[in-house]
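Peer 1:
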Amino acid sequence: MTPALPDPSVVEATDLLVLKSMDEARRVSFGLYDRDGQPMPNTAVGGVKYYTQPVTHLDSWPDGTVDGPERIFYGGHATDQFGFTILNSIGRLWALDRVATDVPILFHSNLRQRRVPFLRPMLDLLSVPNPILFYKGPFRVGSAVIPNDQFGEPLGGLATERFREWLASRLPPAGPVQKGRRVYLTRTALPDTMGRFACERILEQNLEANGYEIIAPETLSMMEQIKLYQDAETLLFSESSALHLYALVRRPEQKVGVVLRRRTLPPLITAQLCSVVQSPFETIDAIDEIYWPPKTGGNMSLAQLDFGKLHDVLSVSGFVSPKTAWRAPTSEEVDASLQSGLEAGQTLLTEDQYGQFLEQVRLLRRQYGRAEARKRIPHIKIP
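Heads up: the sequence shown at position 13 corresponds to 13 in UniProt numbering, and the numbers run straight through without jumps.
1) Measuring CB to CB, does Tyr212 end up less than 8 Å from Arg182?
2) Based on the DSSP secondary-structure assignment, which residues constitute the bridge partners of Gly31?
3) Just the C-alpha distance for Gln272 and His244, rounded to the nearest angstrom, thanks.
4) Taking only the alpha-carbon atoms, compute the straight-line gap between Asp285 and Arg263 and give it to the nearest angstrom.
5) Quick one: what's got a C-beta closer than 7 Å to Thr324's C-beta in the same chain, skipping five residues either side?
6) Once the 5 residues before and after Pro54 are set aside, which same chain residues still bring their CB inside 8 Å of it?
7) Looking at C-alpha atoms only, which residue of Pro8, Leu106, Arg370 is the closest neighbour of Glu161?
8) Going by DSSP in three states, Val361 sits in which element: helix, strand or coil?
9) With contact counted as at least three CB pairs below 8 Å, one residue from each stretch, are the segment 138-146 and the segment 168-184 in contact?
10) Closest to Arg164 by C-alpha separation, out of Arg115, Met223, Thr85, Arg250, would be which residue?
11) When you compare each of Ile132, Glu218, Thr186, Leu125 to His108 by their alpha carbons, which one comes out closest?
12) For a minimum of 4 consecutive residues, which ranges assigned as the alpha helix (DSSP H) are wholly contained in the segment 266-345?
13) Do the CB positions of Leu338 and Gln304 come within less than 8 Å of each other?
14) Taking only three categories from DSSP, how would you classify Glu165?
15) Starting from Leu93, follow the beta strand (DSSP E) in both directions and report where the run begins and ends.
Here it is in structure tokens:
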């Protein structure tokens with residue numbers, strides 16, 4: 001059942017304090033508060049990794065609060081990750097027509113974050129010229145426009161009708177789909193230390209023999225990616241954050257498949273792919289084994305594919321011809337690919353071993369704190 005989505009809501013207020021704080025349990029509070037210490041609605045951030053609520057009441061404004069801009073637009077959460085920039089930083093922009101183009105958009109993030117490299121390009125893609133104001137400390141603002149989220153992670157990846165209308169008005173116009181154009185979106189331009197498939201170069205060769213263009217999204221600007229995603233008739237993705245951008249411009253007449261590198265496609269991606277355009281897509285599961293380097297981070301898994309099964313599934317789904325040449329990597333090629341990117345002395349962990357590794361990491365953090373745990377993590381031994 002699709003969850004109920006919120007109605008559009010905008011609060012406008014004057015003479016406000018912008019304040020972020022953290023309590024002893026490391027819970028982050030963020031809000032815009034009036035002179036009586038009351039928080040404004042619509043300021044909470046509902047992410048999984050970054051979740052904030054305003055405090056229920058401020059006894060007083062902090063001493064020495066500086067003056068900020070005369071007027072701001074509240075944009076919510078900014079992040080250094082590509083996919084989560086889309087899922088967290090554009091869901092309130094539907095209300096931008098309430099402010100002039102020189103009014104800054106206020107964003108905030110966790111205390112450790114210093115860079116938000118994808119935010120400005122994303123705003124430019126959506127023809128949003130407003131400057132970015134990144135929270136660095138408490139300040140007073142003359143007036144603020146505070147809309148609620150109408151898309152993204154706080155809504156489980158879904159989009160409301162109001163957001164879809166706004167998005168359609170901001171994206172570049174699309175011509176007809178180019179019949180017969182097939183594109184595979186690869187991860188091979190990313191470092192080997194990031195999540196990937198073993199022997200993806202061989203997969204590329206097989207798909208080229210089936211008429212696919214091989215394109216790494218990272219080599220294109222956002223605008224170039226959008227034009228590509230609007231144009232191709234068939235799009236086959238290696239599972240990646242490129243899906244978050246594609247989902248904004250997906251077209252019902254396109255044939256779309258996602259080759260999994262994790263056991264299941266993350267729910268946020270699944271929901272988003274069917275939110276703006278409600279048409280089915282294929283998930284291609286040909287995973288033989290999943291391995292992990294001995295590091296923390298959910299985006300570093302390495303999937304070893306069963307190339308025979310992959311060919312069968314792609315053939316049945318109509319992505320490749322069963323008669324076109326197709327080869328599986330040799331055991332030597334698989335071994336070399338699995339080892340690529342590992343540091344000296346490192347060994348890949350199986351899924352079970354990685355679970356044990358993460359448990360050891362949690363124990364170290366509880367016992368020593370995060371800073372000291374980081375020094376000890378490289379010395380964890382898993383049988």
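Just so it is clear, CB atoms sit at the ideal spot from N, CA and C, and this is done for glycine as well. Owing to the predicted nature of the structure, the values given are computational and were not obtained by experimental measurement.
Peer 2: By the coordinates alone:
1) yes
2) Leu19
3) 7 Å
4) 8 Å
5) Ala209, Asn210
6) Ser29, Phe30, Gly31, Leu32, Tyr33, Pro39, Met40, Thr43, Ala44
7) Pro8
8) helix
9) no
10) Arg250
11) Ile132
12) 267-273, 307-316, 331-339
13) yes
14) helix
15) It is not in any beta strand (DSSP E) - Leu93 carries neither H nor E in the DSSP assignment.
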